[in-house]
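Before any comments, here is the structure.
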Amino acid sequence: MIKQRLIIQKLWFLLLRIAALLNGAALAVIVYFILSRGWRAISWEFLTKAPKDSMTAGGILPCIVGTIALCLVTILVALPIGVASAVYLNEYAAQGKLVRLIRLGINNLAGVPSIVFGLFGLAFFCIVLKMGVSIAAGGLTLGIMTLPVIIGASEEALKSVPNTYREASLAIGATKWQTIRKVVLPVAFPGIITGSILGISRAAGETAPIMYTGAVFFTPELPASILDEVMALPYHIYVLATAGTQIEATRHLQYGTALVLIMLVFGMNLSAIILRAKMRKKLRI
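Structure follows, in structure tokens:
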């Protein structure tokens, strides 16, 4: 009986290893495909100049700046609201039908197609609130789209904190809020920040939500305020690949822009991993 269980366990572990290898191989193929076709476009001019000649030459500086600006607004909107929501649901709310209904709504919101968020942002932020196509409207739309991911990641991080930490803090006279702020959040923060940055990194590569709310076909000027319209890397790739004047001639620019976007997202994910490692090391000390 024990031998049979060990065989079954080894088979499952083998399937998991195969699945991990397939995922890694698929990622390697995609990165190689883009890298091999896009590295020729990467140059100092490409990274520091604006597009020119109907976007068939020049660089992508406005796209890089626009993408970073949209991500910053997304972080400022989604991170505090998402973490506060998770703290309330996990630490304060009485667990019952209402909380289960709220969690069901959050999970359903996470499955809504991104273009639906784009149409909502266009109707509400751009038209009702009269923000127009701007960084603010695009960032708010991406922030709402990212909220379910941040809430879910933050809740899981909070649940991972042992209850003995809370009980010990309350036993020495700390209030519930002091316990959450001084004990629970610092322990859970590595998981919170990792999940949050991963969610925001995904938002950085979205095209549908910003094509209606924050990104434009072409603008050579860098934004001066959050009410300005911007170019963005994912929308720029879409434009070059589908609506450009010389699609085949700009193929290397398309792959070069995709490579820059991948490196930007990789940088955000790497920063999350480094920050998590440092915070965990600090907590162990």
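Residue numbering for the sequence shown follows the numbering used here, beginning at 15 and increasing consecutively. Glycine included, C-beta positions come from ideal geometry on N, C-alpha and C.
- According to DSSP, residue 244 shares a beta bridge with 229.
- The stretch 139–146 and the stretch 85–100 do not touch, with fewer than 3 CB-CB distances between them shorter than 8 Å.
- In this structure, residue 197 lies near residue 180, with their beta-carbon atoms less than 9 Å apart.
- Residue 188 carries a coil assignment under DSSP once its states are collapsed to helix, strand and coil.
- By the Cβ rule, the stretch 198–208 counts as touching the stretch 166–177, because three or more pairs are nearer than 8 Å.
- Per the coordinates, the alpha-carbon of residue 183 lies some 20 Å from the alpha-carbon of residue 100.
- Per DSSP, reduced to three states, the secondary structure at residue 71 is strand.
- Looking at the backbone, the Cα of residue 48 and that of residue 270 are separated by about 8 Å.
- Going by beta carbons, residue 223 and residue 131 fall inside the 9 Å limit.
- The Cβ-Cβ distance between residue 251 and residue 284 does not fall below 9 Å.
- The C-alpha of residue 294 is placed about 34 Å away from the C-alpha of residue 246.
- The Cβ atoms of residue 217 and residue 159 lie closer than 9 Å to each other.
- Here residue 41 is exposed, its C-beta having fewer than 16 other C-beta atoms within 10 Å.
- Between the stretch 65–82 and the stretch 111–129, the count of Cβ pairs shorter than 8 Å is below three; the stretches do not touch.
- Around the C-beta of residue 55, 16 or more other C-beta atoms lie within 10 Å, and the residue is accordingly described as buried.
- Linking residue 219 to residue 279 through their CA atoms gives a straight-line distance of about 8 Å.
- The three-state reading of DSSP puts residue 66 in strand, counting E and B together.
- Collapsing the DSSP output to three states places residue 221 in coil.
- The C-beta distance from residue 147 to residue 243 rounds to 5 Å, short enough to meet the 8 Å contact threshold.
- In the structure shown, the three-state DSSP call for residue 263 is coil.
- Inclusion of residue 253 and residue 69 in the CB contact set at 9 Å is warranted, their separation being smaller than that value.
- Contact check for residue 95 and residue 161: beta-carbon distance about 6 Å, within the 8 Å limit, so the pair qualifies.
- Under the 10 Å beta carbon count, residue 249 is surrounded by 16 or more other beta carbons and is classified as buried.
- Here DSSP, grouped into helix, strand and coil, assigns residue 145 to coil.
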